[in-house]
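Residue numbers (my numbering): 3 to 138. For reference, the structure is listed below as structure tokens.
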Amino acid sequence: MNIYKEKKAVILLRGRFAGRKAVVIQNWDEANPKGYNFPHCLVVGIDHYPKKINRQMKKRQKARRSTVKPFVKVVNQAHLMPTRYNISLNVSKKKANLKLFGDVSTRSEMKKELKKALTKKYLNGKNKWLFTKLRF
Numbered sequence: 003m004n005i006y007k008e009k010k011a012v013i014l015l016r017g018r019f020a021g022r023k024a025v026v027i028q029n030w031d032e033a034n035p036k037g038y039n040f041p042h043c044l045v046v047g048i049d050h051y052p053k054k055i056n057r058q059m060k061k062r063q064k065a066r067r068s069t070v071k072p073f074v075k076v077v078n079q080a081h082l083m084p085t086r087y088n089i090s091l092n093v094s095k096k097k098a099n100l101k102l103f104g105d106v107s108t109r110s111e112m113k114k115e116l117k118k119a120l121t122k123k124y125l126n127g128k129n130k131w132l133f134t135k136l137r138f
């Protein structure tokens, strides 16, 4: 039985994005023909978290401080820590999958779609845990 199902919120433990929160988009329990010889997941995470906002701030400043910068990465399951949260990003499989991840131009398009989805979720006030920086 696998812990890392779709929509599962995880924390990355190793690498450049260590300590960042992410959501599993796709999961593979065995090796993949793409060249990954270990169980792995395609995750979407938050590289730059939104900053605090005050009531006194202007609209432009509020909009700038509430932006979210996402990252997309294929990660070994040994480098993930599952959490109790399940988060749906409302991103279709056609817009975020391993085939699109391979090409640089489609990867940037995928990031733009994910940025819209994450920013919308943040502005709606859903899943506040995902958008707070992990303190350790």
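By construction, the Cβ of each residue, glycine as well, lies at the ideal position given by its N, Cα and C atoms.
When C-alpha distances from L44 are compared across G21, N92, V106 and F73, the shortest belongs to F73. Annotation for V76: H42 and L44 place their beta carbon closer than 6 Å to its own, counting only its chain and skipping 5 residues before and after.
For the pair L116 and V12, the CB atoms are not nearer than the 9 Å cut-off. At the C-beta level, Y6 and K135 stay beyond 9 Å of one another. Using a Cβ-Cβ distance cut-off of 8 Å, the segment 56 to 73 and the segment 116 to 134 are in contact, since at least three pairs of beta carbons, one from each stretch, lie closer than that value.
When P84, M112, K61 and K53 are compared, the shortest CA-CA separation from V93 is found for M112. With a threshold of 16 other beta carbon atoms within 10 Å, F40 falls short and is exposed.
Rounded to whole angstroms, K23 and L132 show a C-alpha spacing of 6 Å. If you draw a 10 Å sphere on the C-beta of K10, you find 16 or more other C-beta atoms in it, and that means buried. The Cβ atoms of L82 and I27 do not sit closer than 9 Å to each other. When secondary structure is reduced to three states using DSSP, M83 falls in the strand class. N129 is positioned such that its CB atom lies closer than 9 Å to that of K123.
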